[in-house]
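J.: I am attaching a structure below and will ask some questions about it afterwards.
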Amino acid sequence: ETAMPARIVEPTPRYHGHEHCNRNVFMLLNLNDILHGSGPNQTVHVGGTIQVGCPSSGGDGNITLTCEKTGSFVPSPSTLSCTSGVKTPFNTKELKSCEQCDAFGTETCEKTKSGVACQCRENWSGQTCWKAADQCDITHLQCGKHGVCRSEVDYASCVCDYGFTGEHCNVSKTNTTIISSHKSFGDLACAAGVLVLTWYDIVIMVIKAVLLIHSPSMGHDPQSHYQNCRSFVMLIAGFLVIFFRHPSLFSLSDVECQWVFYIISSCYSLGMAFFAIEAMNAYELCTLDQLNSWTTLFPERPRSYALLAFRTGFPVVAMAIAILVILAPNYEQMVLIQMCFALIASSYSYRGLFIRKNLPHNLKKVEAYLENVSARRRNEVEKCERDLTFTAIGPWLLLFYWLTLTMSNDFVGVPYTSFLAVAFAVLYGMCNFLQSVVTTPA
3 ETAMPARIVE
13 PTPRYHGHEH
23 CNRNVFMLLN
33 LNDILHGSGP
43 NQTVHVGGTI
53 QVGCPSSGGD
63 GNITLTCEKT
73 GSFVPSPSTL
83 SCTSGVKTPF
93 NTKELKSCEQ
103 CDAFGTETCE
113 KTKSGVACQC
123 RENWSGQTCW
133 KAADQCDITH
143 LQCGKHGVCR
153 SEVDYASCVC
163 DYGFTGEHCN
173 VSKTNTTIIS
183 SHKSFGDLAC
193 AAGVLVLTWY
203 DIVIMVIKAV
213 LLIHSPSMGH
223 DPQSHYQNCR
233 SFVMLIAGFL
243 VIFFRHPSLF
253 SLSDVECQWV
263 FYIISSCYSL
273 GMAFFAIEAM
283 NAYELCTLDQ
293 LNSWTTLFPE
303 RPRSYALLAF
313 RTGFPVVAMA
323 IAILVILAPN
333 YEQMVLIQMC
343 FALIASSYSY
353 RGLFIRKNLP
363 HNLKKVEAYL
373 ENVSARRRNE
383 VEKCERDLTF
393 TAIGPWLLLF
403 YWLTLTMSND
413 FVGVPYTSFL
423 AVAFAVLYGM
433 CNFLQSVVTT
443 PA
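Per the numbering used here, the very first residue in the sequence shown carries number 3; after that it's consecutive.
So this is what it looks like as structure tokens:
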């Protein structure tokens with residue numbers, strides 16, 4: 003008995019490529035003594051093997067562990083039973099205190115002449131009741147020919163082959179049909195959500211193009227620029243999701259699939275970033291730093307053209323680099339980046355709305371300025387004030403849409419995530435369309 007109370011499984015990579023198993027699991031399990039040749043390299047690539055010393059296993063006393071595509075060793079180090087020749091805090095024969103009994107596996111602790119004895123719960127075993135039973139044997143979970151059963155501490159689950167999902171790995175991700183016992187509605191619903199959002203952006207950009215032909219713009223409106231940039235990157239993301247959803251359609255390799263996913267994530271993150279910059283632009287109007295213009299000085303404050311260009315260029319470069327660095331080791335950090343952009347946009351928006359409501363003298367200054375400008379210029383300023391409500395709500399709708407879209411890709415057999423993706427796509431699309439109508443110059 004040479005393992006920790008809980009089974010530790012290395013995380014599975016979010017995307018294709020750089021799949022490996024981590025040797026640190028042996029350190030966490032206090033099993034370094036039985037690991038042969040650990041060396042400085044703490045990772046084992048998929049298909050690689052390592053040897054552990056286990057005298058009770060018979061033969062030459064070694065057990066071979068293989069790194070699987072799931073990012074974990076098979077057999078799991080936590081299932082090894084190598085009591086001979088190895089002594090750890092979890093197989094010691096002398097128990098002096100009930101605190102040595104495992105909190106999860108111990109039902110009662112009784113005093114004996116030599117110390118204490120741990121009385122284990124049903125299906126738990128070990129001197130300190132640390133070892134859980136093999137849940138696959140208890141539940142008889144069937145994973146079919148496209149998956150294998152993996153035992154956790156108190157439940158069993160199926161690890162599916164690439165392209166399959168569902169509780170029993172019987173749902174093919176490539177079947178875009180109405181839900182059934184063997185086919186997936188999730189893929190169809192997710193694609194429908196992307197189509198809805200992409201259609202909204204196409205309609206918006208076409209209407210704006212027609213308006214520009216009818217009434218050419220002078221190009222002095224930062225707000226319209228940020229909105230157009232957001233629509234453009236969302237269109238790119240939408241088309242990539244639609245056409246490259248199934249790597250097999252274009253025979254994409256793992257590396258190519260990884261780069262497609264990287265570009266999609268970058269586009270959605272840039273969409274959030276442009277929301278934050280758009281909110282900051284509207285906030286600066288409320289604080290009288292500038293009046294939605296690249297060039298106009300108000301009130302006689304210097305404007306740096308290099309700084310204005312930096313606002314647009316820096317997010318593109320910084321976001322691309324940040325996502326590339328973050329996606330490699332830890333995909334989960336992407337959610338934090340998205341939430342930060344949403345919080346930044348909401349903070350600027352709420353602050354701007356607060357100033358409009360509680361500092362009316364600022365609005366008086368703006369109104370006095372607008373009395374001596376053209377109707378077009380007046381409309382460009384007034385529409386920017388109306389943008390604060392949309393920049394407070396829109397980023398969160400886009401964030402939840404991106405999250406549910408990602409979840410629907412991972413859990414294709416679960417219809418709820420796909421329905422949510424479609425719902426948030428419709429809500430964000432309506433918000434985006436209404437924003438364009440309300441904030442487009444007349």
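A virtual CB, placed ideally from N, CA and C, is assigned to each residue, including glycine.
Give a yes or no on contact between the region 21-28 and the region 62-80, applying the rule of three or more CB pairs nearer than 8 angstroms.
T.: yes
J.: Below 8 angstroms on the Cβ atoms is my contact criterion, and I expect residue 409 with residue 419 to pass it. Report the Cβ-Cβ distance as a whole number of Å.
T.: 4 angstroms
J.: In whole angstroms, what is the alpha-carbon distance linking residue 434 and residue 108?
T.: 56 angstroms
J.: By alpha-carbon positions, which one of 239, 383, 126 ends up nearest to residue 267?
T.: 239
J.: Give me whichever residues DSSP pairs with residue 419 in a beta bridge.
T.: In the DSSP output, where bridge partners are listed per residue, residue 419 has none listed.
J.: Leaving aside the five residues before and after residue 246 along the sequence, list all residues of the same chain whose C-beta is less than 6 angstroms from its C-beta, in chain order.
T.: Hits under 6 angstroms: 262.
J.: Per DSSP, residue 346 forms a beta bridge with which residues?
T.: Paired residues: none, contrary to the question.
J.: Starting from the C-beta of residue 437, find all residues in its chain whose C-beta is less than 6 angstroms away, skip the five residues before and the five after it, and write them out in chain order.
T.: Leaving aside the five residues that flank residue 437 on each side, the residues in its chain whose CB is nearer than 6 angstroms to its CB run, in chain order, 392.
J.: Drop a sphere of 10 angstroms on the beta-carbon of residue 152, count the other beta-carbons inside from all chains shown, and report buried for 16 or more, exposed for fewer.
T.: Buried, because 16 or more other Cβ atoms sit within 10 Å of the Cβ of residue 152.
J.: In this structure, does DSSP put residue 64 in helix, strand or coil?
T.: strand
J.: Using the C-alpha atoms, what's the distance from residue 255 back to residue 293?
T.: 49 angstroms
J.: When you compare only the Cα positions, how much space is there between residue 98 and residue 174?
T.: 54 angstroms
J.: In three-state terms, what does DSSP make of residue 73?
T.: coil
J.: How many Å lie between residue 166 and residue 145 at the Cα?
T.: Straight-line measurement puts the Cα of residue 145 at about 11 angstroms from the Cα of residue 166.
J.: Report the three-state DSSP secondary structure of residue 376 (helix, strand or coil).
T.: coil
J.: Does the separation of the CB atoms of residue 401 and residue 320 fall below 7 angstroms?
T.: no
J.: What does DSSP give as the partner residue(s) for residue 24 in the beta ladder?
T.: 45
J.: Excluding the 5 residues flanking residue 398 on each side, which residues of the same chain have their C-beta closer than 8 angstroms to its C-beta?
T.: 344, 348
J.: Within the chosen definition, does the region 266-285 reach the region 227-244 through at least 3 CB pairs nearer than 8 angstroms?
T.: yes
J.: If you draw a straight line from the alpha carbon of residue 142 to that of residue 126, how long is it in whole angstroms?
T.: 17 angstroms
J.: Just to confirm the assignment, what range does the beta strand (DSSP E) spanning residue 2 have?
T.: The first residue shown for the chain is 3 and the last is 444, placing residue 2 beyond what the model contains.
J.: Could you check whether the region 349-358 touches the region 379-391, counting it as contact only if at least three pairs of C-beta atoms, one from each stretch, sit closer than 8 angstroms?
T.: Yes, they touch.
J.: In whole angstroms, give me the CA-to-CA distance for residue 424 and residue 407.
T.: If I take the Cα positions, the gap works out to 8 angstroms.
J.: For residue 233 and residue 133, what's the separation of their Cα atoms in angstroms?
T.: Looking at the two C-alpha atoms, the distance is approximately 54 angstroms.
J.: For residue 338, does the count of other Cβ atoms within 10 angstroms reach 16, so buried, or fall short, so exposed?
T.: exposed
J.: Which residues in the same chain have their Cβ closer than 7 angstroms to the Cβ of residue 265, if we skip the five residues on either side of it in sequence?
T.: 242
J.: Quick check: what's the CA-CA separation for residue 101 versus residue 114?
T.: 15 angstroms
J.: Quick check on residue 359: buried or exposed, where buried means 16 or more other Cβ atoms within 10 Å of its Cβ?
T.: exposed
J.: Scan the region 114-138 and note each continuous beta strand (DSSP E) run of 3 residues or more that stays entirely inside, going in chain order.
T.: 118-122
J.: By how many angstroms is the C-alpha of residue 203 removed from the C-alpha of residue 377?
T.: 28 angstroms
J.: Could you tell me which of 104, 51, 164 sits nearest to residue 155, measuring between CA atoms?
T.: Taking only the C-alpha atoms, the option nearest residue 155 is 104.
J.: Can you grab the Cα-Cα spacing for the pair residue 291 / residue 281, in whole Å?
T.: If you draw a straight line from the Cα of residue 291 to the Cα of residue 281, it is about 14 angstroms long.
J.: Beta-carbon within less than 7 angstroms of residue 66's beta-carbon, same chain only, minus the 5 sequence neighbours each way: which residues are those?
T.: Cβ contact annotation for residue 66 (same chain, cutoff 7 angstroms, sequence separation greater than five): 51, 53, in chain order.
J.: What did DSSP end up calling residue 166 once you bin it into helix, strand or coil?
T.: strand
J.: Quick one: what's got a C-beta closer than 6 angstroms to residue 135's C-beta in the same chain, skipping five residues either side?
T.: 125
J.: With 16 other CB atoms within 10 Å as the buried threshold, where does residue 128 fall?
T.: Result: buried.
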